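Working notes, structure below.
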Amino acid sequence: MKDIAGILFDKDGTLLDYDQSWLPVNRELARIASRDDADLADHLLRACGMDPVTGAIVPDSLLAAGNTHEITEGLIAAGSPVPADELIRKLDALFADATAFSVPVTDLAAFFAELHGRGLKLGIASSDNERSIRNLTERFGFARHVDFIAGYDSGFGCKPAPGMLLGFCEAMGIAPANVAMIGDNNHDMMMGINAGAGLKIGVLTGTGSRESLSAAADFCLASIVDILDLLPAKEPA
995 MKDIAGILFD
1005 KDGTLLDYDQ
1015 SWLPVNRELA
1025 RIASRDDADL
1035 ADHLLRACGM
1045 DPVTGAIVPD
1055 SLLAAGNTHE
1065 ITEGLIAAGS
1075 PVPADELIRK
1085 LDALFADATA
1095 FSVPVTDLAA
1105 FFAELHGRGL
1115 KLGIASSDNE
1125 RSIRNLTERF
1135 GFARHVDFIA
1145 GYDSGFGCKP
1155 APGMLLGFCE
1165 AMGIAPANVA
1175 MIGDNNHDMM
1185 MGINAGAGLK
1195 IGVLTGTGSR
1205 ESLSAAADFC
1215 LASIVDILDL
1225 LPAKEPA
């Protein structure tokens, strides 16, 4: 990673442990979308990529990688009786509030401080809404180390299109070839490819597997913590 000047992180499944943070949220999402019809809620979960019994998530499914609008479309197509505008509003609120129950994969304040201290530009690009991302950075105390934030509603487009990564590059004044894109699913990897990112790094704390990520990722790591092993050695003080 000697030529990398910036790192753009996905949020869910990358900075946050997906199963611990999002399986309860997905169940609440289905309850809202089904208007408390338990059988319909299970059907909606399966249609969007989650086994309602085991909680297993299909890699790159709607619940793994979709934004609020895409998830809403999928829920309605699968039989949700809630009007789209109402469902979008309720899901965005649910996702923003879910930050209070999120489980990080590591001490994010210390991790981001370490990377920022090495002179790297740091950003977060998520299919969630921007408010959720900002809530996360404030809750876990690393907002001051984040140089760029983009949600699906921030005006840069949605994954896997390149807009979020290119927006990061423009804001930071660096080339895509000098950016590492880090995420847990192929929407993240393909955004990196589409934008010409120098590195695409998959992590296994989310919905992707080594098998599902291997074709598009340059590296596949257990978690973001292992990124530190890829960085050049720190100069002596």
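Going by our numbering, the first residue of the sequence shown is number 995, and it counts up by one from there.
C-beta: ideal position from N, C-alpha, C; glycine also.
These numbers were taken from a predicted model, which means no experiment stands behind them.
Among the candidates the options, whose CA atom is the shortest distance from the CA of residue i?
i	options	result
I998	E1067, A1104, M1175	M1175
G1200	K996, S1028, S1055	S1055
L1102	I1218, L1225, A1227, D1223	I1218
S1203	A1050, H1037, V1019	A1050
I1026	K996, L1081, M1044, E1064	L1081
V1052	G1111, L1159, D1033, Y1012	Y1012
T1100	G1135, G1190, L1224	G1135
K996	G1190, E1205, N1172	N1172
D1086	N1123, I1070, R1112	N1123
D1091	R1125, F1105, N1179, E1164	R1125
P1046	D1031, G1073, L1017	L1017
D1033	I1168, N1180, G1073	G1073
G1007	A1119, A1078, A1024, R1083	A1119
Name the two residues that bound the continuous alpha helix (DSSP H) containing residue i.
i	result
L1207	1204-1207
M1158	1157-1166
A1071	1062-1071
A1027	1012-1028
G1190	Note, G1190: premise wrong, no alpha helix (DSSP H); not H, not E.
N1129	1124-1133
Can you tell me whether DSSP reads residue i as helix, strand or coil?
i	result
G1000	strand
F1213	strand
F989	As shown, the chain starts at 995 and ends at 1231. That puts residue 989 outside it, with no answer to give.
L1057	helix
E1200	In the sequence as presented, Glu is not what sits at residue 1200; that position holds Gly. Coil, per DSSP.
L1116	strand
D1101	coil
D1031	coil
D1223	helix
D1147	coil
N1180	helix
F1095	helix
Looking at the secondary structure, which residues open and close the beta strand (DSSP E) in which residue i lies?
i	result
K1084	Where K1084 is concerned, there is no enclosing beta strand (DSSP E), although the alpha helix (DSSP H) it sits in stretches over 1078-1091.
V1197	1193-1197
Short of 7 Å in beta carbon distance, which residues of its chain neighbour residue i, apart from the five on each side in sequence? Order them along the chain.
i	result
E1022	L1088
I1187	K1194, A1210
S1096	L1010, S1015, L1130
P1075	R1029
D1212	L1193, K1194, I1195
N1020	L1039, M1044, L1057
G1190	P1170, A1171
I1127	K1005, I1118, S1120, I1143, G1145
Bridge partners of residue i, per DSSP?
i	result
I1051	M1044
V1173	G1000
F1142	G1117
D1006	L1010
Below 8 Å CB to CB, which residues in the same chain sit around residue i once its five sequence neighbours on both sides are set aside?
i	result
G1060	C1042, G1068, S1121
A1216	V1197, L1198, T1199
M1166	A999, G1000, K1115, G1117, D1141, F1142
C1214	I1195, G1196, V1197, L1198, R1204, L1207, S1208
Looking only at its own chain, which residues have a Cβ that is under 6 Å from the Cβ of residue i, when we skip the five neighbours before and after it?
i	result
M1158	A1119, A1144, F1150
F1162	L1002, G1117, F1142
Between residue i and chain D, is any beta-carbon pair separated by less than 8 Å?
i	result
L1207	Absent from the structure is chain D; it holds one protein chain and no more.
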